[in-house]
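Report on the structure given below.
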Amino acid sequence: MSTKYRPEYSVSEYLDIDHMSDFRHEYLNGDIFAMTGGSISHIRIRENVAFSLYSQLLSKDCEVLSGDMRVKTEANFYTYPDLAVVCGKALVEKFEGKETLMNPKVIVEILSKSTRNYDKGSKFELYKHITSFDEYVLIDQYQPHVVVYTKQLDNNWIVTAENKTLDSEVTLSTINCVLALNHIYRKIEFQPKNN
């Protein structure tokens, strides 16, 4: 999250503001937050993952939607994940010609220094209010590190994959796809770690 506007907007006011703006916004409990833009590494990672998933989902009844697709949770939280995968018919809420996805199966977030804790914590908790949501992928943009959380039958979430080397891969079991870290991080130059 980023800059907060005045408190207590209605959903309708939020949708008006988001629709008219050149920037994306999140909405939660009457508050509107302007979302920050991504770095070139962030954009490359998002596109690399989208391409990999797209090619693996061609023969399945699933599709990848980019960070321009707004998502709504049952907790009345509106946001723009970096990527979402929807399987079957995309259920959307429409407002003045702009659609909001209601049923993502997989959500991918690329972590930045300013969003890392939020994406791993309260944002993840808000996403859990989406009934169709089964898998959460967190990708670090500063070092090779990918974590996959998968919802279990008892609705608990567990880490089902975690890798930190470019020659490894992670499996997204709910959509039967594999992401190779060397593809995720294609053209990414990592800064050496300070000791």
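Start counting at 1 in the sequence shown, then tack on 482, and there's your number in this note's numbering. Note that beta-carbon positions come from the ideal geometry of N, C-alpha and C, so glycine has one too. Treat the numbers as computed from the prediction; the structure is a model and nothing was measured.
Cα-Cα separation between residue i and residue j, rounded to whole angstroms
i    : j    : result
I499 : I592 : 25 Å
M483 : E508 : The pLDDT assigned to M483 is 47, lower than 50, so where the model puts this residue is not dependable, and the model offers no usable value.
D550 : M517 : 12 Å
L547 : Y496 : 22 Å
V588 : Y609 : 10 Å
E651 : S596 : 26 Å
L506 : L635 : In the sequence as presented, Leu is not what sits at residue 506; that position holds Arg. When rounded, the distance between both Cα atoms is 34 Å.
I621 : H627 : 6 Å
K580 : H501 : 7 Å
Beta-carbon proximity list for residue i, same chain, < 7 Å, skipping 5 on both sides
i    : result
S655 : T632 and T642
F606 : Y618
K675 : none
S523 : Q623 and I670
Endpoints, the alpha helix (DSSP H) within which residue i is located
i    : result
L608 : S604 to Y609
Residue i vs residue j beta-carbon contact at 8 Å
i    : j    : result
F672 : Y624 : yes
V590 : T582 : no
F559 : P586 : no
D564 : R528 : yes
L663 : T647 : yes
H665 : S492 : no
E644 : V660 : no
Run of the beta strand (DSSP E) containing residue i, from where it starts to where it stops
i    : result
L661 : C659 to A662
F577 : V574 to F577
E581 : K580 to L583
A566 : L565 to C569
6 Å CB neighbourhood of residue i in its chain, flanking five on each side removed
i    : result
H611 : T555, E556 and A557
K446 : The question about residue 446 has no answer here: the residues shown for the chain are numbered 483 through 677.
Own chain residues within Cβ distance below 8 Å of residue i, not counting five before or after
i    : result
K602 : L593 and L620
For the stretch 487-555, list the alpha helix (DSSP H) runs that are entirely contained and at least 4 residues long, ordered along the chain.
493-502 and 522-539
What runs of the alpha helix (DSSP H), each 4 residues or longer, lie entirely inside the stretch 589-657?
598-602 and 604-609
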